[in-house]
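Chains as they are written, first to last, in full-length UniProt numbering: chain A, 1 to 142; chain B, 1 to 142. Scroll down for the structure; my scribbles are underneath it.
There are 2 protein chains.
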Amino acid sequence: MSEPENSDWAKPSSREVGGGGSETVIDADTARHDPQTAVTVAKIKALRQSIDNVDTAIVSLLAERFKYTSQVGVLKARAGFAPADYKREDYQIERLHRIAIDAGLDPDIAEMYREFVVAEAKKRHQRIADAGGDPGVLDVFA
Amino acid sequence: MSEPENSDWAKPSSREVGGGGSETVIDADTARHDPQTAVTVAKIKALRQSIDNVDTAIVSLLAERFKYTSQVGVLKARAGFAPADYKREDYQIERLHRIAIDAGLDPDIAEMYREFVVAEAKKRHQRIADAGGDPGVLDVFA
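Listed below in structure tokens is the structure:
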């Protein structure tokens, strides 16, 4: 990552960090540089608070999602259903593509999200098994 | 994935699929097997609707998150700030760990989520550049 060019503003001092890159810490020191920089720092801080709020919501929703998929896994195992359900998977792929477009999100990212939750379910299952515990039912098609 | 053992219920017929595995499609055909299976199918369908609602919320939130991080990237570039801000990254790692525990989510999954959004931001940037477009500002530290 190179530094952005064509800056029409004075650059605040960036601290050199390992690997030859540099960083700009968005804090009071940076804001003190000049009034225009202070406005930018305030805007970035406000956006970061929104990003943090989004992350809180997503982490909370992921916690609920794993609870639901565990329940589906237990129900399927008790009923003797196979974990796989490719019709469900196809439905989810098509659905996430559609809602991503509606939301203004690159549909490739929505598909990567789906693959992420599937991969995490698999890893979580393996971690519990490796630790000698009962990993329960692995159901990535919930 | 092997089929679960110790099923105390009659198994509905599973369809053989490629790779030697089998699947159970949760649908009206499966529910018709017996009344107890019908109850399980209804429960799974209800849970799947909740999973789909969670996914709709997460995809919508991811769309907003990428909009916010793009704005931070533009602000940093205009101000001549470096993209990197390791203090911010450390803060996010610690924060996501904490809120995951509060939410009942494995903190490793929260960290994987953070790495997922960072990786997707990088890939998205590369895709736009490869397509000959202006990828804008890559800012994975937003």
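Every residue, glycine too, gets a C-beta built ideally from N, C-alpha and C.
Taking only the alpha-carbon atoms, compute the straight-line gap between residue i and residue j and give it to the nearest angstrom.
| i | j | result |
| --- | --- | --- |
| A:Asp-34 | A:Ala-57 | 35 Å |
| B:Ala-82 | A:Leu-62 | 32 Å |
| B:Arg-88 | A:Val-41 | 13 Å |
| B:Lys-122 | B:Thr-69 | 12 Å |
| B:Val-59 | A:Asp-130 | 32 Å |
| A:Glu-94 | A:Gln-126 | 28 Å |
| A:Tyr-91 | B:Asp-55 | 13 Å |
| B:Thr-37 | B:Asp-27 | 11 Å |
| B:Arg-98 | B:Arg-114 | 13 Å |
| B:Thr-24 | A:Gly-133 | 27 Å |
| A:Arg-65 | B:Val-39 | 22 Å |
| A:Ser-13 | A:Ala-119 | At A:Ser-13 the pLDDT is 44, less than 50, meaning the model places this residue with poor confidence; the figure from the coordinates comes in the next sentence. In a straight line, the C-alpha of A:Ser-13 is about 41 Å away from that of A:Ala-119. |
| A:Ser-22 | B:Leu-96 | 25 Å |
| A:Tyr-86 | B:Arg-124 | 28 Å |
| B:Thr-30 | A:Val-74 | 17 Å |
| B:Ala-84 | A:Arg-32 | 19 Å |
| A:Arg-78 | B:Ala-79 | 59 Å |
Ends of the alpha helix (DSSP H) at residue i?
| i | result |
| --- | --- |
| A:Arg-32 | Neither: A:Arg-32 is in no alpha helix (DSSP H) and is coded neither H nor E. |
Compare the C-alpha of residue i against each of the options and name the closest.
| i | options | result |
| --- | --- | --- |
| A:Val-117 | B:Asp-52, B:Arg-124, B:Asp-102 | B:Asp-52 |
| B:Leu-47 | A:Gln-36, A:Glu-23, A:Lys-76, A:Thr-37 | A:Lys-76 |
| B:Val-72 | A:Glu-115, A:Arg-32, A:Leu-96, A:Gln-49 | A:Gln-49 |
| A:Lys-67 | B:Thr-30, B:Glu-23, B:Ile-44, B:Arg-32 | B:Ile-44 |
For the ligand NAD, is there any heavy atom lying closer than 6 Å to the beta carbon of residue i?
| i | result |
| --- | --- |
| A:Met-112 | The ligand NAD is absent from the structure shown, which contains no ligands of any kind. |
For this session: Would you be able to state if there are at least three C-beta pairs under 8 Å between the stretch 96 to 105 of chain A and the stretch 104 to 111 of chain B?
Result: no
Exercise. Using a beta-carbon distance cut-off of less than 8 Å, what residues from the stretch 82 to 107 of chain A approach chain C?
Worked result: The displayed structure is made up of protein chains A and B, and chain C is not among them.
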